[in-house]
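Numbers 1166 to 1396, taken from the numbering used here, label the letters of the sequence shown in order.
Cβ atoms here follow ideal geometry from the backbone N, Cα and C, with glycine treated the same way.
None of these values were measured; they are calculated from a predicted model.
The structure appears below as structure tokens.
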Amino acid sequence: MNGKLKMDNGKLKKKKILNSQFSILNSSAFTIVEVLVVIFVISVMGTIITEIFSRSLRGGNKAQIIAAIKQNGQATLEAMDKTIRNSDEVVCPVITGEGSIFGDTAAVVKDGKYTRFRFKAEATGTNGYIVQDNPLYVPPLAQESFINDICNIDWDDPNSPGAVSITDRNTKTGVSVSYVPATAAIFTRNKKSGFNDTLTISFDLKPGVQAPEAVSGQIDPVTFTTTIQLR
């Protein structure tokens, strides 16, 4: 009986050992599942965090470009407004009688000093921009010929030192100047007998030509316009 009991005890002991082994196997398998679950959760969280970061970055870039557009537009209008309003005469665009004339060049004269603003259209890899310079009148060139030259002369005019772009030409963080839709010029000069000339300036600003597409595609061109009457 004792032998049988030992045998029974032995069987019981053996069963206990097998159960322990089974428990160990189950424990090991559950640990692997846990690891896989953790890896999956981390991957999902990583994807979410990356997406949030990307959206935040795009949002930051968008806000920066919009701010640059507003700042450039206002500064450009203010610079031209101050110079043109205080001038003695508008000489470009050239107009011989009453009416309106359009052009991409505006020039004024103040106490014999000429200031010119010119628009250069967007090209491959280059922003559209507006440049300011001060053409020099060099006698004995006739005054009429000089005015005709400064209204139509090439960009590399040797008598036009100190040309400065008044819009940010950085292709990634700057702005690009373009025509307002349905117009074909930046400047419009209006001349009417008995009244001082007026000059209307109108242009669109949009992100630079190499700004990230994901950002620039979400920003519409902003129109800036003003009409200046000489004093």
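Taking the alpha-carbon positions, what's the residue i to residue j distance?
| i | j | result |
| --- | --- | --- |
| Lys1227 | Ile1384 | 8 Å |
| Lys1337 | Thr1365 | 29 Å |
| Thr1353 | Gly1268 | 7 Å |
| Ser1252 | Val1274 | 6 Å |
| Val1209 | Leu1201 | 12 Å |
| Tyr1344 | Pro1300 | 25 Å |
| Asp1246 | Cys1257 | 15 Å |
| Thr1248 | Ile1312 | 18 Å |
| Ala1288 | Val1259 | 26 Å |
| Val1206 | Glu1199 | 10 Å |
| Ser1193 | Thr1212 | For Ser1193, the predicted structure reports a pLDDT of 49, less than 50, and the residue's modelled location is therefore unreliable. A value from the coordinates is still provided. Near 29 Å, if we compare the C-alpha coordinates of Thr1212 and Ser1193. |
| Leu1306 | Gln1394 | 30 Å |
| Val1342 | Phe1282 | 13 Å |
Beta-carbon within less than 6 Å of residue i's beta-carbon, same chain only, minus the 5 sequence neighbours each way: which residues are those?
| i | result |
| --- | --- |
| Ala1328 | Val1296, Asp1298 |
| Ala1286 | Gly1293 |
| Trp1320 | Residue placement at Trp1320 is poorly supported in this model, since its pLDDT is 48, which falls under 50; the coordinates are not used for a value here. |
| Ala1244 | Ile1331 |
| Ile1351 | Asp1269, Phe1284, Phe1368 |
Taking C-alpha atoms, which residue in the options lies nearest to residue i?
| i | options | result |
| --- | --- | --- |
| Ile1266 | Val1255, Gly1359, Ala1240, Thr1212 | Val1255 |
| Gly1438 | Gln1375, Leu1201, Ile1393, Val1202 | With the chain covering 1166 to 1396 only, the question about residue 1438 has no answer from this structure. |
| Ser1381 | Tyr1279, Thr1391, Leu1301, Val1340 | Val1340 |
| Phe1368 | Cys1257, Ile1234, Asp1362, Pro1300 | Ile1234 |
| Asn1355 | Lys1371, Val1387, Thr1392 | Thr1392 |
| Ala1379 | Ala1347, Ile1230, Thr1388, Leu1242 | Ile1230 |
| Lys1371 | Phe1389, Cys1316, Leu1242 | Phe1389 |
| Asp1314 | Ser1330, Ile1249, Tyr1279, Val1209 | Tyr1279 |
| Ala1232 | Pro1386, Arg1396, Leu1301 | Pro1386 |
| Thr1261 | Met1210, Glu1309, Val1342, Glu1199 | Glu1309 |
| Cys1316 | Ala1349, Ala1307, Thr1270 | Thr1270 |
For the beta strand (DSSP E) containing residue i, name the first residue and the last one.
| i | result |
| --- | --- |
| Asn1355 | 1352-1356 |
| Lys1371 | 1363-1372 |
| Phe1389 | 1387-1394 |
| Val1345 | It is not in any beta strand (DSSP E) - Val1345 carries neither H nor E in the DSSP assignment. |
Among the residues of its own chain, which have a CB less than 7 Å from the CB of residue i, if the five just before and after it don't count?
| i | result |
| --- | --- |
| Asn1335 | Gly1373 |
| Glu1263 | Lys1356, Lys1357, Ser1358 |
| Leu1242 | Ile1366, Phe1389, Thr1391 |
| Pro1117 | Residue 1117 lies beyond the stretch modelled for the chain, which goes from 1166 to 1396, so this question has no answer here. |
| Ala1347 | none |
| Ile1189 | Because Ile1189 carries a pLDDT of 46, less than 50, the predicted location of this residue cannot be relied on, and the following value inherits that uncertainty. Around Ile1189: no qualifying Cβ. |
Could you pull the start and end residues of the alpha helix (DSSP H) that residue i belongs to?
| i | result |
| --- | --- |
| Ala1379 | 1378-1381 |
| Gln1308 | 1308-1317 |
For residue i, which residues of its own chain have a beta-carbon under 8 Å away from its beta-carbon, when the five flanking residues on both sides are left out?
| i | result |
| --- | --- |
| Ile1396 | Note that residue 1396 is Arg in the sequence shown here, rather than Ile. Contacts found: Arg1250, Asn1251, Asn1361. |
| Asn1237 | Thr1332, Asp1333, Gly1339, Val1340, Leu1370 |
| Gln1239 | Phe1389 |
| Asp1276 | Asp1253 |
| Val1203 | none |
| Ala1349 | Phe1267 |
| Thr1126 | Absent from the model: residue 1126. The displayed extent of the chain is 1166 to 1396, so no value can be given. |
Exercise. If you scan the region 1229-1304 from start to end, which runs of the beta strand (DSSP E) of 3 or more residues do you find wholly inside it?
Worked result: Listed in chain order, the complete beta strand (DSSP E) runs (minimum 3 residues) inside the region 1229-1304 are 1254-1257, 1264-1268, 1270-1275, 1278-1285, 1294-1298.
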